[in-house]
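Here the structure comes first, spelled out in structure tokens, and everything after it is commentary.
In this note's numbering, the protein residues as written are 11 to 92.
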């Protein structure tokens, strides 16, 4: 059991050192900063696409609601009035 715990601790320590090295590369070297810039631009593009999907969904939802309201006869609509 002691050996397993030591192996797990060593593995977590190694992963931590790799993470620190990667963070140092990304933040303190020009190629790393370039990579961060590219990731940032890609994230902004994804955000814009999500906003477009959200807008399209809202438009579809409004159109569907209008069609359902039009499909309900006038006499029945009175029961659904706000």
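Even glycine gets a Cβ: it sits at the ideal position worked out from N, Cα and C.
Nearest-angstrom Cα separation, counted from residue 65 out to residue 78: Sequence index remark: in the chain shown, residue 78 carries index 68 (1-based). Sequence index remark: in the chain shown, residue 65 carries index 55 (1-based). In a straight line, the C-alpha of residue 78 is about 20 Å away from that of residue 65.
First and last residue of the alpha helix (DSSP H) that includes residue 28? For the purposes of this step, residue 28 is identified with residue 18 of the chain shown, where counting begins at 1. Note, residue 28: alpha helix (DSSP H), 12-38.
Would residue 42 pass as a contact of residue 51 if the rule is Cβ separation under 7 Å? Numbered from 1 along the chain shown, position 32 holds the residue referred to as residue 42. Numbered from 1 along the chain shown, position 41 holds the residue referred to as residue 51. Contact flag unset, no.
Cutting at 6 Å between CB atoms, please list the residues of its own chain near residue 14, excluding the five before and the five after it. Along the chain shown, one-based indexing puts residue 14 at 4. Cβ within range, chain order: n/a, list empty.
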